[in-house]
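According to the working numbering, numbering within the sequence shown proceeds without interruption in unit steps and concludes at 657.
Note sheet for the following structure.
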Amino acid sequence: MAGRLGKKAILGEREAELRATEQALFERLHVALERFGADVTAADAQRLREATAQLAELFLIVIAGEFNSGKSSFINALIGERILPEGVTPTTDRINILRYGEEPASELLEDFLLLRTYPAPLLGELNIVDTPGTNAIIRRHEELTREFVPRSDLVLFITSADRPFTESERTFLEHIREWGKKIILIINKIDILEEAQRAEVVQFVRTNATTLLGVEPTIFPVSARMAFRARESDDAAAWQTSGFAEIEEYLLRTLDEGERVRLKLLNPLGVGLRLAQTYRAASDARLATLVEDVKAIENIDGQLQAYRAEMMRDFEPRLSQLELLLHELENRGNEFFDEHIRVGRIRTLLKKDQLDHTFRDEVVGNMDREIDLATQQIIDWLIERNLKLWQDVNTYLDRRQLTRHREEMLGDVGQTFTYNRQALLDSVGRTAERVIKTYNREAEAAQLATDVRGTFATTAIAEVGAVGLGALFMIATHTALLDVTGILLGATLAAGGFYIIPAKRRQVKRQFHQKISELRDNMVRTLTKQVNSEVDGAMERVNETIAPYTRFVKYQHEQIGTARTELAAVESALNRLRSEIEGE
Numbered sequence: 074m075a076g077r078l079g080k081k082a083i084l085g086e087r088e089a090e091l092r093a094t095e096q097a098l099f100e101r102l103h104v105a106l107e108r109f110g111a112d113v114t115a116a117d118a119q120r121l122r123e124a125t126a127q128l129a130e131l132f133l134i135v136i137a138g139e140f141n142s143g144k145s146s147f148i149n150a151l152i153g154e155r156i157l158p159e160g161v162t163p164t165t166d167r168i169n170i171l172r173y174g175e176e177p178a179s180e181l182l183e184d185f186l187l188l189r190t191y192p193a194p195l196l197g198e199l200n201i202v203d204t205p206g207t208n209a210i211i212r213r214h215e216e217l218t219r220e221f222v223p224r225s226d227l228v229l230f231i232t233s234a235d236r237p238f239t240e241s242e243r244t245f246l247e248h249i250r251e252w253g254k255k256i257i258l259i260i261n262k263i264d265i266l267e268e269a270q271r272a273e274v275v276q277f278v279r280t281n282a283t284t285l286l287g288v289e290p291t292i293f294p295v296s297a298r299m300a301f302r303a304r305e306s307d308d309a310a311a312w313q314t315s316g317f318a319e320i321e322e323y324l325l326r327t328l329d330e331g332e333r334v335r336l337k338l339l340n341p342l343g344v345g346l347r348l349a350q351t352y353r354a355a356s357d358a359r360l361a362t363l364v365e366d367v368k369a370i371e372n373i374d375g376q377l378q379a380y381r382a383e384m385m386r387d388f389e390p391r392l393s394q395l396e397l398l399l400h401e402l403e404n405r406g407n408e409f410f411d412e413h414i415r416v417g418r419i420r421t422l423l424k425k426d427q428l429d430h431t432f433r434d435e436v437v438g439n440m441d442r443e444i445d446l447a448t449q450q451i452i453d454w455l456i457e458r459n460l461k462l463w464q465d466v467n468t469y470l471d472r473r474q475l476t477r478h479r480e481e482m483l484g485d486v487g488q489t490f491t492y493n494r495q496a497l498l499d500s501v502g503r504t505a506e507r508v509i510k511t512y513n514r515e516a517e518a519a520q521l522a523t524d525v526r527g528t529f530a531t532t533a534i535a536e537v538g539a540v541g542l543g544a545l546f547m548i549a550t551h552t553a554l555l556d557v558t559g560i561l562l563g564a565t566l567a568a569g570g571f572y573i574i575p576a577k578r579r580q581v582k583r584q585f586h587q588k589i590s591e592l593r594d595n596m597v598r599t600l601t602k603q604v605n606s607e608v609d610g611a612m613e614r615v616n617e618t619i620a621p622y623t624r625f626v627k628y629q630h631e632q633i634g635t636a637r638t639e640l641a642a643v644e645s646a647l648n649r650l651r652s653e654i655e656g657e
């Protein structure tokens with residue numbers, strides 16, 4: 074069978090499993106950091122990308138040499154597929170990165186840097202960087218080459234048997250030597266020489282390279298063209314003759330060295346572990362702040378519920394004061410009826426205007442002003458409590474704004490989160506302050522009084538005009554009196570009226586009681602509804618004001634909590650994996 078690379082895995086089964094596990098953990102780390110949010114620093118994101126790339130290109134070989142040395146044909150023979158174009162003229166004017174891909178494809182990453190993917194098994198473990206000819210290299214080529222050579226495991230330098238070790242090759246090797254990488258010299262096109270000539274060329278290259286590099290290099294004389302044909306025809310003998318069998322054996326032995334593989338796995342793992350630890354700690358600090366924020370939101374909600382309960386509790390005695398006024402009114406009315414609706418007062422009963430005047434003096438009195446005063450006291454109490462609610466919320470938010478992130482100690486981590494959180498707190502605080510500063514007690518009280526009067530008038534006595542609540546009660550009470558006098562007038566004019574006056578007095582009392590009860594029920598219903606509406610409105614306005622802050626805290630608490638759990642899990646798994654790799 075011609076060729077072992079791509080058929081025999083470079084990594085052992087156990088090493089391949091460790092690599093796959095590490096790659097899966099890096100994917101989880103990437104997702105967790107995305108969930109952490111925008112506060113992942115650009116430098117850390119770049120470190121993660123580079124570490125992930127290190128795992129993807131676990132082994133990296135750089136191919137260099139003059140354009141006519143047969144670099145492309147060497148790479149094609151090594152992989153066993155004609156991936157790169159071959160020719161006598163320069164075919165590589167840019168650096169090519171060869172990686173595994175499900176489909177053949179190419180992508181220009183930047184000027185002079187091309188990514189080629191191909192479904193060749195060898196590329197699943199080994200990435201190859203093909204550089205432009207050393208005799209055609211320009212400054213940007215050199216800069217890019219400098220990025221890859223330090224990361225490479227091996228540098229395979231291709232020189233042609235018909236023009237070995239040219240001046241441009243010598244110059245390029247001097248640069249590579251400065252990077253301290255191991256260089257393997259490949260003398261290609263060896264099949265064009267006779268046996269004696271081959272030995273001379275090999276010795277020439279060895280002597281000059283040793284002088285230049287300071288150490289005797291490893292040299293392989295090969296024929297890439299013969300090797301590719303041997304692969305195509307599966308000619309094992311030709312494969313041996315091509316010299317590629319020795320190169321394959323060397324690569325497998327060198328790259329599969331246990332300590333080298335461990336380092337290749339441990340280097341990116343160390344980066345991932347540090348990132349997991351850093352952002353897990355940042356998540357802990359952020360969650361500590363968010364837990365306090367959640368408590369703050371719950372505290373505000375608790376304050377609102379306590380506000381409602383306290384308002385309803387304090388409203389009851391104030392409402393009872395109004396009910397007492399009506400109770401006293403009813404008592405005075407009953408006393409009035411007992412005194413005036415009797416046989417001895419027949420003449421007075423028939424004088425409607427006089428009876429009306431007496432009723433106003435003895436029963437109604439100052440009831441309208443007393444009811445207005447009691448109602449206004451409820452309104453003023455409600456307005457003051459609404460303002461006090463805003464002041465309490467604002468004071469509490471001021472204390473929260475003094476809270477600073479513990480994660481400020483972690484440097485740049487958390488800046489966006491801290492800024493957004495503080496901006497929302499500031500916004501809520503400014504809104505609360507604006508409400509307090511612009512709160513017009515008189516205007517609010519006047520509006521609320523209008524609302525109460527309008528509601529009562531609509532439900533109790535229609536078309537009464539713009540009068541106070543007390544006046545509305547007086548009108549209603551006077552209406553009750555008219556009903557009474559109407560009953561009495563009819564009774565006294567009827568035959569035998571003197572005998573039924575006591576019965577009519579009882580009837581009048583019942584109807585007066587019913588009228589007052591209706592007024593009292595309507596008053597309780599109207600004021601209770603209005604107070605509930607005001608309390609609900611005050612709570613809703615506070616909730617609307619803090620809603621952006623509440624949404625931010627709840628979302629961040631969920632996101633960071635999930636990220637923290639995953640980061641801790643990845644951190645633990647990476648530590649276990651490190652122990653496994655080090656114990657190999």
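Backbone N, C-alpha and C fix where the C-beta goes; we use that ideal spot for every residue, glycine too.
Owing to the predicted nature of the structure, the values given are computational and were not obtained by experimental measurement.
Taking the alpha carbon of residue i as the reference point, which residue from the options has its own alpha carbon closest?
i	options	result
T232	R243, D226 and Q629	R243
P290	S296, A282 and A297	A282
L339	Q96, R637, Y628 and V604	Q96
R637	G110, A89 and D184	G110
K144	N372, E159, I134 and E130	E159
R73	L199, I201 and A576	For residue 73 there is no data in the structure shown, the boundaries of the chain being 74 and 657.
G133	L196, L102 and L98	Here residue 133 is Leu; the residue named in the question, Gly, does not match the sequence. Answer by Cα proximity: L196.
E639	T94, E88, D453 and R101	R101
R347	F432, A269 and L106	L106
V173	R458, N200 and L181	In the sequence under discussion, the amino acid at residue 173 is Tyr, which differs from the Val named in the question. Checking every option, the nearest Cα to that of Y173 belongs to N200.
T114	M440, D453, N372 and T351	T351
L181	E175, P192, Y191 and N169	N169
With burial defined as no fewer than 16 other Cβ atoms inside 10 Å of the residue's Cβ, what is the status of residue i: buried or exposed?
i	result
L610	Going by the sequence as given, residue 610 is Gly instead of Leu. By the neighbour-count rule (16 or more Cβ atoms within 10 Å), G610 is not buried but exposed.
D203	buried
E154	buried
D112	buried
V364	exposed
E389	exposed
G253	exposed
A309	exposed
L402	buried
E304	Per the sequence shown, residue 304 should be read as Arg rather than Glu. It is buried - the Cβ of R304 has at least 16 other Cβ atoms within 10 Å.
D594	exposed
A116	exposed
R108	buried
A300	buried
Is it true that the CB of residue j sits closer than 9 Å to the CB of residue i?
i	j	result
V288	I260	no
I156	R189	yes
I136	I148	yes
L186	S179	no
Y469	Q376	yes
A118	R353	no
A124	V344	yes
P194	R167	no
A349	E644	yes
R236	E139	yes
R271	A150	no
I263	P294	yes
By Cβ distance, which residues of its chain are closer than 7 Å to residue i, with the 5 residues on each side in sequence left out?
i	result
S665	Because the chain here runs from 74 to 657, residue 665 falls outside it and cannot be looked at.
A539	A caution first: A539 carries a pLDDT of 35, below 50, which makes its placement in the model unreliable, though a value can still be read off. Closer than 7 Å at the Cβ level, and outside the excluded window around A539, lies no residue.
A318	W312
I292	L258, I260, V275, V278 and R279
K582	N407 and F410
I451	R391 and L600
Taking 8 Å as the limit between beta carbons, can you name the residues of its chain near residue i, skipping five residues before and five after?
i	result
I249	A137, V222, V228, F230 and I256
V367	V626, K627 and H630
L360	H630, I633, G634 and R637
E506	Note on E506: pLDDT 48, under 50, position unreliable in the model; the coordinate value appears next. Counting only Cβ-Cβ distances below 8 Å, and skipping sequence neighbours, we find N467.
R92	L84, L128, L131 and L338
E90	none
A447	R391, Q394, L395 and L398
S225	L133, I134, V135, V202 and K254
L285	R243, L246, E247 and R250
L98	G345, V643, A646, L647 and L650
Review point. Can we say the region 602-619 touches the region 401-409, given the rule of at least three CB pairs closer than 8 Å?
Key: no
Practice item. Could you tell me whether the region 594-607 touches the region 384-393, where touching means 3 or more Cβ pairs closer than 8 Å? Key: yes
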